[in-house]
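Asks:
There are 2 protein chains.
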Amino acid sequence: MRDIFSQSTPIVFPKFEEKLRGALPDLPRLEAQVAQYMILNVGDLSFETGVSISEKVGVSEVTVSRLLRRLGYRGMRGLKRELRDELFDREPIQEGNEGAREVPEGMTRNMDLEYQALGEIYQQRASPLWGQIVQTIVEADRVYVTGFQAVRGMAEDCARRLGMTRGNVRFLAAHDGMLTEWLKWGDEESEKPSRCLILIDVVPYAREASILSGICSKEGHSLIVFTDEMCHWARNYTDLVIYASTRTGLILESTVAITAALNLMVNSVAGHYSTSLTERLDQWKTYTRALRLF
Amino acid sequence: MRDIFSQSTPIVFPKFEEKLRGALPDLPRLEAQVAQYMILNVGDLSFETGVSISEKVGVSEVTVSRLLRRLGYRGMRGLKRELRDELFDREPIQEGNEGAREVPEGMTRNMDLEYQALGEIYQQRASPLWGQIVQTIVEADRVYVTGFQAVRGMAEDCARRLGMTRGNVRFLAAHDGMLTEWLKWGDEESEKPSRCLILIDVVPYAREASILSGICSKEGHSLIVFTDEMCHWARNYTDLVIYASTRTGLILESTVAITAALNLMVNSVAGHYSTSLTERLDQWKTYTRALRLF
DNA sequence: GCAATTATGAAATATAAATTACATTGCGGG
DNA sequence: CCCGCAATGTAATTTATATTTCATAATTGC
Chain A
1 MRDIFSQSTP IVFPKFEEKL RGALPDLPRL EAQVAQYMIL NVGDLSFETG VSISEKVGVS
61 EVTVSRLLRR LGYRGMRGLK RELRDELFDR EPIQEGNEGA REVPEGMTRN MDLEYQALGE
121 IYQQRASPLW GQIVQTIVEA DRVYVTGFQA VRGMAEDCAR RLGMTRGNVR FLAAHDGMLT
181 EWLKWGDEES EKPSRCLILI DVVPYAREAS ILSGICSKEG HSLIVFTDEM CHWARNYTDL
241 VIYASTRTGL ILESTVAITA ALNLMVNSVA GHYSTSLTER LDQWKTYTRA LRLF
Chain B
1001 MRDIFSQSTP IVFPKFEEKL RGALPDLPRL EAQVAQYMIL NVGDLSFETG VSISEKVGVS
1061 EVTVSRLLRR LGYRGMRGLK RELRDELFDR EPIQEGNEGA REVPEGMTRN MDLEYQALGE
1121 IYQQRASPLW GQIVQTIVEA DRVYVTGFQA VRGMAEDCAR RLGMTRGNVR FLAAHDGMLT
1181 EWLKWGDEES EKPSRCLILI DVVPYAREAS ILSGICSKEG HSLIVFTDEM CHWARNYTDL
1241 VIYASTRTGL ILESTVAITA ALNLMVNSVA GHYSTSLTER LDQWKTYTRA LRLF
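As given, the protein sequences belong to chains A and B, one line each in that order.
Sequential numbering from 1 applies to the first sequence in our numbering.
Sequential numbering from 1001 applies to the second sequence in our numbering.
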């Protein structure tokens, strides 16, 4: 059995610890003891409960409760919420220190997370799964790309760029005739071309996403999903899922990692068509030049 | 060893994860979803409660409870206890071969360039220019966002996200009635509201970009440009230019850095409205939920 | 050393979490 | 098409957790 005042785990909550240490001298005796215990066991704290702490320290639960309120937390629940927030280093939104310009110092963590998210993408890029995904796209007769809400535009761009590397790529617009586009692209019903849907979705997930996924698996089409680390449903429909972290400490989620993943994907696919690619790009440039509608 | 799919926190529970993954294929649909969520969020798990998980995944609490029992845990409490144990007697450190990022040869250079491009964005983020840009956006009565070709979708998303942080943001669509939208937004012609255009463009630059820029400076509207390192014309019209490198060795140019810049911009603006932001976001979520058009 | 203040715990209460029992749905096999 | 089982949810119940109230003990200031 571990000692009551056991060692601390590698997990740290700097803000929380500092706050506690700062308050320590002014705290009543027993509450200080409790605080001390918390400092020594920050890493475990999320597993504890009011009583469990009070038992280990040898005080009554009320004391723990009171300490927390004195520190400005709203009870054990509140503490855990704040700790969790700190774990992801997101400022509580309502707290807003508007006057204070966000200093670059506060941004370094965000940058690290962004770097890390990018790194994870490149790792996935190196996995066999990636090869499967590229293969699937290359082999499909027709490719559809779709995305919703805050990543809809990204999906459009992705379709555009993918369309530069190979033919038969279409963006699927939600709502307006989505299924029409999906169902009758060509005129020949006879040959039944193989189809592949690339789906991009992040929290809060769109209902359309899982509906479309359902259709896909039912119809036997390939499905590739680019989503964030919170997504729990994608795996129900396909193994071809790329997870891009969106939690980087910004108020709104970050789309950088997903963008990177999509870029890499387009690039990989492009690699398969490298011979015909240059002429295709030239062709595209000619088109856009010709289209000077202004 | 950190798994590709795990989230960004360093907390890992190998045994637990393995167990879950192993069980995954044989699990009932919804329970599998819950399991999936748990795998993707191991680091958070100690903060969760039965209900909180069930809510996030969208199942009832009983399902979570049942999953746990099926896995051999004695409910949420039991799970946490075992997780805590695992956290505690996990081998000191797996320093060993962990450092080695598994990124294929040809990709490391690309990744470095991407990192570098990101770094440059964060540098600009720290410059006084950034403050000016944010200021300009915050002060403008009306904000327009536009982008062309391969970054058009990005501009749309940017407009959407910016629109979540403040009102009066519009995406300007090229070609179809662009100027109409631009010229008469409101009804009151009298007061002449201040306007700000955010323009996103990369090679090959669209003709529309400089034309619009011209209009802007002539009409006295603010102009902010996000572009790539090759852009020669933006400075002719405004000082408020953010340069994001797009040359990262991919066959098609990378849009990652621009995405990062736009994300940061939206975030900075959001910081100025932090008080009203939460309710605005809630409102937005309610809207999208209500709009279940399918 | 005596009031006034503060700290603390016991018991009661309120709130939340987890489990159980039962009802409903949906799906595959005959 | 119906049966029956497995999956899932609802509502009731039990259990745990947190908070309030109040009485008592400790401490402080004078």
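For each residue, glycine too, the CB sits at the ideal point set by N, CA and C.
Helix, strand or coil for B/Thr1146, going by three-state DSSP, please let me know.
Replies: For this step, residue 1146 of chain B is matched to residue 146 along the second sequence. Looking at B/Thr1146 - three-state DSSP - the assignment turns out to be strand.
Asks: Using a Cβ cut-off of 9 Å, pull out every chain A residue sitting near B/Glu1018, in sequence order please.
Replies: As a first step, residue 1018 of chain B must be located in the second sequence, where it is residue number 18. Those do not exist, as B/Glu1018 stays about 16 Å from chain A at its closest Cβ, beyond 9 Å.
Asks: For A/Asn168, collect the residues of the same chain with a Cβ closer than 7 Å to its Cβ; drop the 5 residues on either side in sequence, then sort them by chain order.
Replies: On the first sequence, residue 168 of chain A is found 168 positions in, with the first residue counted as 1. Once the five neighbours on either side are set aside, the close Cβ partners of A/Asn168 are Asp141, Arg142, Val143.
Asks: State the DSSP-derived secondary structure class of B/Leu1040, mapped to helix, strand or coil.
Replies: Mapped onto the second sequence, residue 1040 of chain B falls at position 40. B/Leu1040 sits in a helix when the DSSP states are folded into three classes.
Asks: By Cβ distance below 8 Å, which residues in the same chain neighbour A/Ser217 in space, the five residues on each side in sequence not counted?
Replies: Position 217 of the first sequence, counted from the start, is the residue given in the question as residue 217 of chain A. Scanning its chain for C-beta atoms nearer than 8 Å, with the 5 sequence neighbours on each side dropped, one finds around A/Ser217 the residues Leu223, Tyr237, Thr238, in chain order.
Asks: Can you round the beta-carbon distance between B/Tyr1243 and B/Glu1229 to whole angstroms, since I take them to be within the 8 Å contact cut?
Replies: Against the second sequence, residue 1243 of chain B aligns to sequence position 243. Against the second sequence, residue 1229 of chain B aligns to sequence position 229. Yes, B/Tyr1243 and B/Glu1229 are in contact; Cβ-Cβ is about 5 Å, under 8 Å.
Asks: For A/Ala260, count the other beta carbons within 10 Å of its own beta carbon; 16 or more makes it buried, fewer makes it exposed. Which is it?
Replies: Numbered from its first residue, the first sequence carries residue 260 of chain A at position 260. A/Ala260 should be labelled buried.
Asks: Just how far apart, CA to CA, sit B/Phe1171 and B/Arg1161?
Replies: On the second sequence, residue 1171 of chain B is found 171 positions in, with the first residue counted as 1. On the second sequence, residue 1161 of chain B is found 161 positions in, with the first residue counted as 1. The alpha-carbon atoms of B/Phe1171 and B/Arg1161 are separated by roughly 11 Å.
Asks: So B/Cys1196 is in the beta strand (DSSP E); what residue range does that whole segment cover?
Replies: For the purposes of this step, residue 1196 of chain B is taken as the residue at position 196 of the second sequence. Run containing B/Cys1196: 1195 to 1201, per the beta strand (DSSP E) assignment.
Asks: Would you kindly work out how many angstroms separate the C-alpha atoms of A/Arg70 and A/His221, rounded to a whole number?
Replies: For the purposes of this step, residue 70 of chain A is taken as the residue at position 70 of the first sequence. For the purposes of this step, residue 221 of chain A is taken as the residue at position 221 of the first sequence. Taking the straight line joining both Cα atoms gives about 58 Å.
Asks: B/Ser1046 CB to nearest chain A CB: under 9 Å?
Replies: Residue mapping note: residue 1046 of chain B aligns to position 46 of the second sequence, counting from 1. Yes, B/Ser1046 lies at the interface with chain A (some Cβ there is under 9 Å from its Cβ).
Asks: Using the beta-carbon of each residue, which ones in chain A are nearer than 7 Å to B/Arg1166?
Replies: Taking the second sequence and counting its residues from 1, the one referred to as residue 1166 of chain B is at position 166. Result: empty, since nearest Cβ-Cβ is about 12 Å, beyond 7 Å.
Asks: Apply the 10 Å Cβ neighbour rule to B/Arg1077 and answer buried if 16 or more other Cβ atoms are within range, or exposed otherwise.
Replies: The residue labelled residue 1077 of chain B in the question sits at position 77 within the second sequence. By the 16-neighbour rule on beta-carbons within 10 angstroms, B/Arg1077 is exposed.
Asks: If you measure between the beta carbons of A/Arg235 and B/Ala1032, is that distance less than 9 Å?
Replies: Position 235 of the first sequence, counted from the first residue, corresponds to residue 235 of chain A. Position 32 of the second sequence, counted from the first residue, corresponds to residue 1032 of chain B. It is a contact, given that the beta carbons lie within the stated cut-off.
Asks: Give a yes or no on whether the C-beta atoms belonging to A/Ala336 and A/Thr227 are separated by under 9 Å.
Replies: Since the first residue of chain A shown is 1 and the last is 294, residue 336 of chain A is not available in this structure.
Asks: Which residue marks the beginning of the beta strand (DSSP E) containing A/Arg81, and which one marks its end?
Replies: By one-based count along the first sequence, residue 81 of chain A stands at place 81. Not the beta strand (DSSP E): A/Arg81 falls in the alpha helix (DSSP H), residues 75 to 87.
Asks: If you count every other CB in all the chains shown that lies within 10 Å of the CB of B/His1232, and 16 or more means buried, which is it?
Replies: Reading the second sequence from its first residue, position 232 is the one you call residue 1232 of chain B. So B/His1232 counts as exposed.
Asks: Considering only the beta carbon of each residue, do B/Thr1255 and A/Asn110 sit closer than 9 Å?
Replies: Your numbering for residue 1255 of chain B matches position 255 in the second sequence. Your numbering for residue 110 of chain A matches position 110 in the first sequence. Against a cut-off of 9 Å, the Cβ pair of A/Asn110 and B/Thr1255 comes out as no contact.
Asks: Grouping DSSP H, G and I as helix and E and B as strand, with all else coil, what is B/Thr1227?
Replies: The count along the second sequence starts at 1 and reaches residue 1227 of chain B at position 227. Reduced to three states, the DSSP call for B/Thr1227 is strand.
Asks: Taking Cβ to Cβ, would you say A/Arg152 is nearer than 9 Å to B/Gly1153?
Replies: Within the first sequence, the letter at position 152 stands for residue 152 of chain A. Within the second sequence, the letter at position 153 stands for residue 1153 of chain B. Yes. Within cutoff.
Asks: With DSSP run on the structure shown, which of helix, strand or coil describes B/Arg1166?
Replies: Translated into positions along the second sequence, residue 1166 of chain B becomes position 166. Three-state result, B/Arg1166: coil.
Asks: When burial is assigned at 16 or more other CB atoms within 10 Å of the CB, is B/Ile1200 buried or exposed?
Replies: In the second sequence, the residue the question calls residue 1200 of chain B occupies position 200. Classification for B/Ile1200: buried.
Asks: State the start and end residues of the unbroken alpha helix (DSSP H) segment that holds B/Ile1215.
Replies: Here residue 1215 of chain B corresponds to residue number 215 of the second sequence, with the count starting at 1. Segment 1207 to 1219, the alpha helix (DSSP H) holding B/Ile1215.
Asks: Using only CA atoms, which one of B/Thr1108, B/Leu1197, B/Gln1132 lies nearest to B/Gly1147?
Replies: On the second sequence, residue 1147 of chain B is found 147 positions in, with the first residue counted as 1. Ranking the options by Cα distance to B/Gly1147, first place goes to B/Leu1197.
Asks: Whole angstroms are fine: how far does the CA of A/Tyr273 sit from the CA of A/Thr49?
Replies: The count along the first sequence starts at 1 and reaches residue 49 of chain A at position 49. The count along the first sequence starts at 1 and reaches residue 273 of chain A at position 273. Their Cα atoms are separated by approximately 58 Å.
Asks: Between B/Pro1193 and the rest of its own chain, which residues show a CB-CB distance below 6 Å, the 5 nearest in sequence each way excluded?
Replies: The count along the second sequence starts at 1 and reaches residue 1193 of chain B at position 193. Around B/Pro1193: Asp1141, Arg1142.
Asks: B/Arg1195 to B/Ile1121, Cα distance in whole Å?
Replies: Taking the first residue of the second sequence as 1, we reach residue 1195 of chain B at position 195. Taking the first residue of the second sequence as 1, we reach residue 1121 of chain B at position 121. Answer to the nearest angstrom: the Cα atoms are 25 Å apart.
Asks: Can you tell me which of the three DSSP states B/Ser1060 falls into?
Replies: On the second sequence, position 60 is the one that residue 1060 of chain B refers to. Note: B/Ser1060 maps to coil in three-state DSSP.
Asks: Is B/Ile1242 helix, strand or coil by DSSP?
Replies: The residue you call residue 1242 of chain B lines up with position 242 of the second sequence. Note: B/Ile1242 maps to strand in three-state DSSP.
Asks: Is A/Ser222 helix, strand or coil by DSSP?
Replies: By one-based count along the first sequence, residue 222 of chain A stands at place 222. Three-state DSSP puts A/Ser222 in a strand.
Asks: Could you pull out every residue in the same chain whose Cβ sits closer than 6 Å to the Cβ of B/Glu1091, ignoring the five residues on either side in sequence?
Replies: Along the second sequence, one-based indexing puts residue 1091 of chain B at 91. Residue confidence is low: B/Glu1091 scores 40 on pLDDT, short of 50, so the model does not pin down where it sits. No coordinate-derived value is stated.
Asks: Give the DSSP bridge partners of A/Phe171, in chain order.
Replies: As a position in the first sequence, residue 171 of chain A is number 171, starting the count at 1. Answer by DSSP bridge pairing, in chain order: A/Val145.
Asks: Answer with buried or exposed for B/Ala1173, where buried requires no fewer than 16 other C-beta atoms within 10 angstroms of its C-beta.
Replies: Residue mapping note: residue 1173 of chain B aligns to position 173 of the second sequence, counting from 1. Classification for B/Ala1173: exposed.
Asks: Compare the C-beta of A/Cys158 with all C-beta atoms of chain B and state if any pair is closer than 9 Å.
Replies: As a first step, residue 158 of chain A must be located in the first sequence, where it is residue number 158. Taking a beta-carbon distance threshold of 9 Å, A/Cys158 counts as an interface residue toward chain B.
Asks: Please classify B/Arg1074 as buried or exposed, where buried requires at least 16 other C-beta atoms within 10 Å of its C-beta.
Replies: Taking the second sequence and counting its residues from 1, the one referred to as residue 1074 of chain B is at position 74. Classification of B/Arg1074: exposed, given that the 10 Å Cβ count is below 16.
Asks: Grouping DSSP H, G and I as helix and E and B as strand, with all else coil, what is A/Trp233?
Replies: For this step, residue 233 of chain A is matched to residue 233 along the first sequence. Of the three classes helix, strand and coil, the one that applies to A/Trp233 here is coil, per DSSP.
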